[in-house]
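Asker: Residue numbers for the sequence shown follow the numbering used here, so the first one is -12 and each next one is one higher. We treat Cβ as the ideally placed atom computed from N, Cα and C, and that holds for glycine.
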Amino acid sequence: PNRLIPAGLISPLQVAVTALALLLGGLLLASYFGRDVMILVAIGVFLAVAYSVPPLRAKRNGWIGNALVAISYEGLAWMAGSLVFGPFSPANLLLAALYSFGTHGIMTINDFKSIDGDAAVGIRTIPVIHGPKQAAWFVVLTMTLAQLIVIAAFVFWGKPVTVAILAVLLLLQLWPAR
């Protein structure tokens, strides 16, 4: 009831017009950066739509839905941003994959606020499927593992300052979770 459409603050038509304008603007901007960026953006749009819109509506399954969002919002965006600044590298692909993996955990955090409602309408989020305690462990482990592998990659690449910064940031995240 507190969201914009149910509260009557904006109409579904206003949402559709805004979404279409933003989509066209995003595609136009992506086309400016070249074919490869445009392809990544198009794939991202498809995955984002597949998350919400029937017949796919991947949000009904927390594992699949969160993976699509993680890939489209994090991984593909990371790769497109990388391409804007130069040729794509295996290191960029690794970081995109790892941050997508970590984002899967972040997406699961959003599912805790509506466990009962999701279960009632048949949306099988990770907290609905496995319960809040197991889902919370999944979140912490997923996000931590992704960041540990990123840190290990920067150790391998000989970037000690980056390693130190990432390690401090990870410790600051884990401190409240103890």
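Does Q1 pass the burial test, meaning 16 or more other C-beta atoms within 10 Å, or should it be called exposed?
Answerer: exposed
Asker: Under a Cβ-count criterion, where at least 16 other Cβ atoms within 10 Å of its own Cβ denotes burial, should K46 be classed as buried or exposed?
Answerer: buried
Asker: State the start and end residues of the unbroken alpha helix (DSSP H) segment that holds L(-4).
Answerer: Unbroken run through L(-4): none, as it is neither H nor E.
Asker: Which of helix, strand or coil does DSSP assign to N97?
Answerer: helix
Asker: Please work out which residues of its chain come closer than 8 Å, Cβ to Cβ, to N79, disregarding the five sequence neighbours upstream and downstream, and give them in chain order.
Answerer: W65, M66 and S69
Asker: Which of the three DSSP states, helix, strand or coil, is assigned to N(-11)?
Answerer: coil
Asker: So T131 and F88 are supposed to be a Cβ contact under 8 Å. How far apart are they, rounded?
Answerer: Actually they do not touch by this definition, with Cβ atoms about 11 Å apart.
Asker: Considering A57, what are the terminal residues of the alpha helix (DSSP H) in which it resides?
Answerer: G49 to A57
Asker: So D98 and P114 are in contact, right, with Cβ under 8 Å, and what is the actual spacing, rounded?
Answerer: About 5 Å; that satisfies the 8 Å criterion.
Asker: Would you mind working out which of S18, P(-7), G92 and A83 sits nearest V127, comparing C-alpha positions?
Answerer: G92
Asker: Would you tell me roughly how many angstroms separate the C-alpha atoms of W124 and S76, rounded to the nearest one?
Answerer: 32 Å
Asker: Use the C-beta contact count for F72: other C-beta atoms within 10 angstroms, 16 or more gives buried, fewer gives exposed.
Answerer: exposed
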